[in-house]
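Following the working numbering, the numbering of the sequence shown begins with 40 at its first residue and continues without gaps.
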Amino acid sequence: MNTAVKYYFSIILMLSMLLPEVMAATLADAKMAIRAQDYNQAVKILKPLASNGNREAQYQLAVMYGNGQGASKDKSKAAHWMTQSAKQGYK
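So, in structure tokens, the structure goes:
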């Protein structure tokens, strides 16, 4: 195997090791963080999910902003995410 192929193979292997951490940011992970009262982690997970249109994540993020959990209490952001969630039919 030549040096260039070994180099690229090593890069691909290293990047694939990072993939599980990226994929771990799911709604289920956010719910686990909420149950563990790790609100900062929950907000960190929920923000990209909500921004990508996940209606339940939008609702959960609205509740967290409304209660000041994991982020400063912000009624404006809470209303924004609650509205986004409702527009998608989340009840």
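All residues carry an ideal CB built from backbone N, CA and C; glycine is no exception. Since the structure is predicted, the reported quantities are computational estimates derived from the model, not experimental observations.
Out of the options, which has the shortest C-alpha to C-alpha gap to residue i?
i: Lys116; options: Ala89, Phe48, Tyr129, Ile84; result: Ala89
i: Ala125; options: Tyr104, Ala75, Ala81, Gln97; result: Gln97
i: Val139; options: Asn91, Pro87, Gly92, Trp120; result: Any property of residue 139 remains undetermined from this structure, which presents the chain solely from 40 to 130.
i: Thr122; options: Ala110, Gly107, Arg94, Gly109; result: Arg94
i: Tyr129; options: Ala43, Ala69, Gly92; result: Gly92
i: Asp77; options: Ala110, Ala43, Pro87, Gln127; result: Ala110
If we ignore side chains and look at the alpha-carbon of each, how far apart do residue i and residue j end up?
i: Asp113; j: Ala67; result: 24 Å
i: Ala75; j: Phe48; result: 39 Å
i: Met62; j: Asn41; result: Confidence in Met62 is poor, its pLDDT being 49 and thus under 50, which makes the residue's placement too unreliable to answer from.
i: Gln150; j: Ile50; result: Past the edges of the chain, shown from 40 to 130, lies residue 150, and the structure says nothing about it.
Give the list of continuous beta strand (DSSP E) stretches no shorter than 3 residues that lie fully inside the segment 82 to 108.
Annotation note: the segment 82 to 108 contains no uninterrupted beta strand (DSSP E) run of length 3 or greater.
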